[in-house]
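Chemist: From first to last, the protein sequence lines are chains A and X. Counting with numbering that gives the first Met the number 0, you get residues 0 to 449 for the letters of the first sequence. Counting with numbering that gives the first Met the number 0, you get residues 0 to 449 for the letters of the second sequence. No residue lacks a Cβ here, since even glycine has one placed at the ideal position from N, Cα and C. Since this is a predicted model, take the numbers as computed values, not measurements.
Protein chains: 2
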Amino acid sequence: MARERLVIIGGVAAGMSAASRARRMNANLEIVVLEKGADVSYGACGLPYYISGRVRDASELVVHTAEFFRREREIDVRLRHKAVGIEPGRRVVQVEAENGQRIEMHYDTLVLATGGAPEVEIPGSERGNVFYCGDLASAVRLREFIEQKRPRRAAIIGSGYIGLEFADALASRGIEVTILTRSEAMIDGLEPEIVAESERVLAAHGVTVLKRAPATQIAGPEGEPATTVQHGLAGSLATDLVILATGIRPRTELAEAAGIALGRTGAIAVDDAMRTNVGGIFAAGDCTEVQHLVAGCAAYIPLGTTANKQGRVAGENAAGGRARFAGVVGTLVTQVFELEIGKTGLSVEEARRYGFEAGSVAITSVSRAKYFGGKPLFVKIVWDKASGRLLGCQFAGEDGAAKRVDAAAMALQARMRVADLLHSDLGYAPPFAPVWEGLLIAAKEAMKQN
Amino acid sequence: MARERLVIIGGVAAGMSAASRARRMNANLEIVVLEKGADVSYGACGLPYYISGRVRDASELVVHTAEFFRREREIDVRLRHKAVGIEPGRRVVQVEAENGQRIEMHYDTLVLATGGAPEVEIPGSERGNVFYCGDLASAVRLREFIEQKRPRRAAIIGSGYIGLEFADALASRGIEVTILTRSEAMIDGLEPEIVAESERVLAAHGVTVLKRAPATQIAGPEGEPATTVQHGLAGSLATDLVILATGIRPRTELAEAAGIALGRTGAIAVDDAMRTNVGGIFAAGDCTEVQHLVAGCAAYIPLGTTANKQGRVAGENAAGGRARFAGVVGTLVTQVFELEIGKTGLSVEEARRYGFEAGSVAITSVSRAKYFGGKPLFVKIVWDKASGRLLGCQFAGEDGAAKRVDAAAMALQARMRVADLLHSDLGYAPPFAPVWEGLLIAAKEAMKQN
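Shown next as structure tokens:
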């Protein structure tokens, strides 16, 4: 009897999590991973630190090699194999192999983990000194470029958290960095107080931010590296190097062509078992939308940590299991130079956009006793005036700010009210915290308003 | 018309929180604080760091001086005034003033914040080189003693977290430290894996721990400083200095004499408004018991952070408000040399003692990316097999272990099940965390057992 075959399209976070989990569930399953690139299972979130040099070798970012998966987990990883079509009726994937050959591959179950692609296409992106922030091969080329060509100036297109992390990385190498961004808010959904603080820190490290300056063209002499970026402030920025960090959109072309339904956000719609609307086909990671437990609807929030969780659920279910992924509360942590930032749930503006009558309060507390290096800790909380329910929380500061978001994320998951936070039993000792945690102080202030 | 008078007995954490909150609530109230010692409102949790020298001056531990409370908050703080009796029928407190004079003071409402006293009385404690770990005056005398007499050896009686923090402080001054303890478990309720790790760290720093060695007598030549501590291992430890850190019991003598009911734990029983059983009398802080939300009953867990919260509630209600303190989940964080420890909820043993059929799982994860200084992170979780509910969580490690307890504390407050933790949306980025937080990995392991 032929073994059942699981085919997974995409071999980074979601894809390899799905493959590993499916193997755990079923030792007899045939598992094939089709990866169009040359690497699997790398930590894309570590790329900025490879550029800065903190990560010495690209191999440190590779969690497991393709060889490891083949040998240790009996997963048939095929690198440089691009899926170009799916026929759900025949349960077949069309694949373009490394040598250009087209093959047809049968599947019993299929997991789509096709990831994301740059959101904005900018003319001139094909020039040799233009790098995409999102994959390992591009990062390896970028570091080689920096070490060989010693560029003096860099233009980063996009001010999301990845753009800011690359700004930090390049500035730490002595490169003069300018960020070009369409938006006013920098990271989507970041509260204005934290945006202002981020700008202050960027400026202090010599990074220029041009807002409302969408890049329109990457230009230079015909067939040569780019020398300027034209942007919507009707200006032109001279540069030696361009980073594309405009955010990502879900890669859904394959899915759409196969009749798989997309959601309202434009990403693949999945239920809590990671099933698409087509029988036998699951999806996970940056190509899918995710249930936002605070907003109460689907959202597109591509993140490595979510991709890993979804991939695990998809892999378990593709192998006959019954796992469920409930959704996210919208947690994000990042660091821009010395400034740690943590966000969970909805910002004031997001809450209003989702139809809540939102109250908010911002306070500045302290991270721990001053004699243990305590620093100011900014905390902003957002709540629903109708129900008193916590809707979001953001932290910023130079000491222990980012991970403070975890307690708030749990409170959001549990749908706690602000009143429930007044006396939460969070850890206190001088090396770690003040007697009154910032979150509790913010809750007290909120209660005065409600 | 005479102003209403609130009298507060005790001027440290709970007492001064109550006084300040009552003043905020009612500008006209007369507020008198009777403090038997010479200081108010100091951070007792900072005392070990004053001994180590990290806190340079004792004044840094004083949040506000008596003078500040008098001037800025119109609170009549009377130092060196000892309450010696309460007559609830006449609403009168008997006070022994600084000069030995007895006065009677009328109250309309009364808050008892009498704190705790050393749990164990050991003969010989009155000798000049014996110091109590719990108050500022004793800590000031201790540091003077260390700086003037340069003791070579110290005996610490008790291995709770305060004993361990003092061991760290004294060892950092080059003093050879021996801890004498009755118990096997060191800190009450600490899981054995963390006890073992603490012992390893203490030994690495030259601290000796003698277990099952309760101190029975502090001895020395008549009228001279102590030279030995006799202990239950039938031994005698030579020392130049003794620290009493045997844990504290609630100071309830005044309350008992006034007919105020104690709870099952031996501390003053209060409801969630901090009311005692006697009309007009509230209590807060280390003299009271507290509702343990996980155990579902009262417990005695004296902690500064709880005292502050309870004090605030007592003060608000004593001034006519309607605040409530729901209780604690048993969170404790501490640091022993480089080892950070965090505990929340119940240990396996505590859970069984409270009647749960407890499951547990221990794993070792990592605090963050290795290239950001990540270190092993030990996580143990405890759950109720009948309901799947999380009952407790402990963390230990050298990097970011202690405050990771906060997310678990929120989960306990919300009565979450282990299954709810599988996909919790905790913050991930290489400078701060691994893709899978230790808590989530532990939850996954737990689900395999359940």
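1. Establish whether the CB of T304 (chain X) and some CB of chain D are separated by less than 8 angstroms.
2. In the DSSP assignment, what are the bridge partners of H230 (chain X)?
3. Exposed or buried, which one is H230 (chain A) when buried takes at least 16 other CB atoms within 10 Å?
4. Spatial neighbours of A170 (chain X) within its chain, please: CB distance less than 7 angstroms, with the 5 preceding and 5 following residues excluded, ordered by chain position.
5. Is H422 (chain X) close to chain A, meaning its C-beta is less than 8 angstroms from at least one C-beta of that chain?
6. Short check: CB of P249 (chain A) to CB of T287 (chain A), under 8 angstroms?
7. Which two residues bound the contiguous beta strand (DSSP E) that contains P224 (chain X)?
8. When you check each C-beta in the stretch 402 to 420 of chain A against every C-beta of chain X, which residues fall closer than 9 angstroms?
9. Got a sec: which bits of the stretch 333 to 348 of chain A sit with their beta carbon under 8 angstroms from any beta carbon on chain X, in order along the chain?
10. Do we get a CB-CB distance below 8 angstroms when we pair K308 (chain A) with the residues of chain X?
11. Is A244 (chain X) close to chain A, meaning its C-beta is less than 8 angstroms from at least one C-beta of that chain?
12. Determine the DSSP secondary structure at F394 (chain X), reduced to helix, strand or coil.
13. Under 8 angstroms, do K374 (chain X) and D398 (chain X) count as touching if we go by C-beta distance?
14. With distances taken from CA atoms, which of A:A317, A:D383, A:D134 and A:D107 is nearest G88 (chain A)?
15. What are the uninterrupted segments assigned as beta strand (DSSP E) that are 3 or more residues long and contained completely in the stretch 360 to 439 of chain A, given in chain order?
16. Distance check for L302 (chain A) and A350 (chain X), CA to CA, integer angstroms please.
17. Whose C-beta lies closer than 6 angstroms to the C-beta of G127 (chain X) among residues of the same chain, with five residues either side of it excluded?
18. Rounded to the nearest angstrom, what separates R79 (chain X) and E71 (chain X) at their Cα positions?
19. Following a CB-centred definition, is P375 (chain A) positioned closer than 7 angstroms to any heavy atom of the ligand GDP?
20. Quick one, are the C-beta atoms of T333 (chain A) and I340 (chain A) less than 8 angstroms apart?
21. Taking K308 (chain A) as part of the alpha helix (DSSP H), name the residues at either end of that continuous run.
22. Between X:I217, X:V110, X:A13 and X:K148, which lies nearest to I155 (chain X) when the distance is taken from Cα to Cα?
23. Since I believe I178 (chain A) is in contact with S158 (chain A) (beta carbons under 8 angstroms), could you give me their beta-carbon distance rounded to a whole number of angstroms?
24. Given A385 (chain A), which residues of its chain have a CB within under 7 angstroms of its CB, disregarding the five upstream and five downstream residues?
25. Going along chain X in order, which residues have a C-beta closer than 9 angstroms to the C-beta of C132 (chain A)?
26. Can the beta-carbon of I242 (chain X) be found closer than 8 angstroms to that of F130 (chain X)?
27. Using the rule of at least 16 other Cβ atoms within 10 Å of the residue's Cβ for burial, across every protein chain shown, is N27 (chain X) buried or exposed?
28. Who are the Cβ neighbours of L5 (chain A) in its own chain at under 6 angstroms, not counting the five residues just before and after it?
29. Which residues in chain X have a C-beta closer than 7 angstroms to the C-beta of G36 (chain A)? List them in chain order.
30. Is the stretch 133 to 148 of chain X close to the stretch 46 to 61 of chain X, with three or more CB pairs under 8 angstroms?
31. Would you say Y370 (chain A) reaches chain X, if we count a Cβ-Cβ gap shorter than 8 angstroms as a contact?
32. For the beta strand (DSSP E) containing P117 (chain A), name the first residue and the last one.
33. Can you have a look at H291 (chain A) and say buried or exposed, based on whether 16 or more other CB atoms are within 10 angstroms of its CB?
34. So, for Q412 (chain X): in the same chain, excluding its five sequence neighbours on each side, which residues have a beta-carbon less than 6 angstroms away from its beta-carbon?
35. Report the residue ranges of all beta strand (DSSP E) runs contained in full by the stretch 47 to 78 of chain A; include only those spanning at least 3 residues, in chain order.
36. Residues in its own chain within less than 6 angstroms of G188 (chain A) by CB, not counting five upstream and five downstream?
Modeler: Reading from the atomic positions:
1. Protein chains A and X are contained in the structure displayed, whereas chain D is not.
2. As a working note, residue 230 (chain X) is residue 231 in the second sequence. In DSSP, H230 (chain X) forms a bridge with X:A214 and X:G234.
3. By 1-based counting over the first sequence, the position of residue 230 (chain A) is 231. Answer is buried; the Cβ neighbour count reaches 16.
4. Residue mapping note: residue 170 (chain X) aligns to position 171 of the second sequence, counting from 1. Result list for A170 (chain X): V176, H204, G205 and V206, in chain order.
5. Stepping through the second sequence from its first residue, residue 422 (chain X) is reached at position 423. So, interface residue.
6. Translated into the one-based positions of the first sequence, residue 249 (chain A) becomes position 250. Translated into the one-based positions of the first sequence, residue 287 (chain A) becomes position 288. Contact: yes.
7. Residue numbering aside, residue 224 (chain X) sits at position 225 when the second sequence is read from its first letter. No beta strand (DSSP E) contains P224 (chain X), which DSSP labels as neither H nor E.
8. K402, R403, V404, D405, A406, A407, A408, M409, A410, L411, Q412, A413, R414, M415, D419 and L420
9. T333, Q334, E339, G341 and T343
10. Against the first sequence, residue 308 (chain A) aligns to sequence position 309. Yes, K308 (chain A) lies at the interface with chain X (some Cβ there is under 8 angstroms from its Cβ).
11. The residue you call residue 244 (chain X) lines up with position 245 of the second sequence. By this cut-off, A244 (chain X) is not an interface position.
12. Within the second sequence, the letter at position 395 stands for residue 394 (chain X). DSSP places F394 (chain X) in strand when its eight states are reduced to three.
13. Residue 374 (chain X) sits at position 375 when you count from the first residue of the second sequence. Residue 398 (chain X) sits at position 399 when you count from the first residue of the second sequence. Cβ distance < 8 angstroms, so K374 (chain X) and D398 (chain X) count as in contact.
14. Here residue 88 (chain A) is taken as the residue at index 89 of the first sequence, counted from 1. With distances taken between Cα atoms, G88 (chain A) lies closest to A:D107.
15. 375 to 383 and 389 to 396
16. As a first step, residue 350 (chain X) must be located in the second sequence, where it is residue number 351. As a first step, residue 302 (chain A) must be located in the first sequence, where it is residue number 303. Cα to Cα, A350 (chain X) sits roughly 37 angstroms from L302 (chain A).
17. Translated into the one-based positions of the second sequence, residue 127 (chain X) becomes position 128. Answer for G127 (chain X): P224, listed in chain order.
18. As a working note, residue 79 (chain X) is residue 80 in the second sequence. As a working note, residue 71 (chain X) is residue 72 in the second sequence. Their Cα atoms are separated by approximately 21 angstroms.
19. Among the components modelled here there is no ligand, and therefore nothing to report on the ligand GDP.
20. Position 334 of the first sequence holds residue 333 (chain A). Position 341 of the first sequence holds residue 340 (chain A). For T333 (chain A) and I340 (chain A), yes; Cβs fall inside 8 angstroms.
21. One-based indexing of the first sequence puts residue 308 (chain A) at position 309. Residues G303 to A317.
22. Locating residue 155 (chain X) in the second sequence gives position 156, where the first residue counts as 1. Ranking X:I217, X:V110, X:A13 and X:K148 by Cα distance to I155 (chain X) puts X:I217 first.
23. For this step, residue 158 (chain A) is matched to residue 159 along the first sequence. For this step, residue 178 (chain A) is matched to residue 179 along the first sequence. With 8 angstroms as the limit, S158 (chain A) and I178 (chain A) qualify as a contact, their Cβ atoms being about 5 angstroms apart.
24. Position 386 of the first sequence, counted from the start, is the residue given in the question as residue 385 (chain A). Around A385 (chain A): E356.
25. Against the first sequence, residue 132 (chain A) aligns to sequence position 133. Here the premise fails: no neighbours, minimum Cβ distance about 15 angstroms.
26. What you label residue 242 (chain X) is simply residue 243 of the second sequence in a count that begins at 1. What you label residue 130 (chain X) is simply residue 131 of the second sequence in a count that begins at 1. Yes, the Cβ-Cβ distance between I242 (chain X) and F130 (chain X) is below 8 angstroms.
27. Position 28 of the second sequence, counting from 1, holds the residue named residue 27 (chain X). So N27 (chain X) ends up on the exposed side.
28. By 1-based counting over the first sequence, the position of residue 5 (chain A) is 6. For L5 (chain A), where only same-chain residues beyond five positions count, the Cβ hits under 6 angstroms are A21, L28, I30, T108 and A317.
29. Within the first sequence, residue 36 (chain A) is the residue found at index 37, counting from 1. What G36 (chain A) touches in chain X: nothing, since even the nearest Cβ is about 20 angstroms away.
30. yes
31. Numbered from 1 along the first sequence, position 371 holds the residue referred to as residue 370 (chain A). Yes, Y370 (chain A) counts as interfacial toward chain X.
32. Taking the first sequence and counting its residues from 1, one reaches residue 117 (chain A) at position 118. From DSSP, the beta strand (DSSP E) with P117 (chain A) extends over G115 to P117.
33. The residue labelled residue 291 (chain A) in the question sits at position 292 within the first sequence. Burial call: buried.
34. What you label residue 412 (chain X) is simply residue 413 of the second sequence in a count that begins at 1. Within the same chain, Q412 (chain X) has close Cβ partners V328.
35. 75 to 78
36. By 1-based counting over the first sequence, the position of residue 188 (chain A) is 189. Within the same chain, G188 (chain A) has close Cβ partners S346 and E349.
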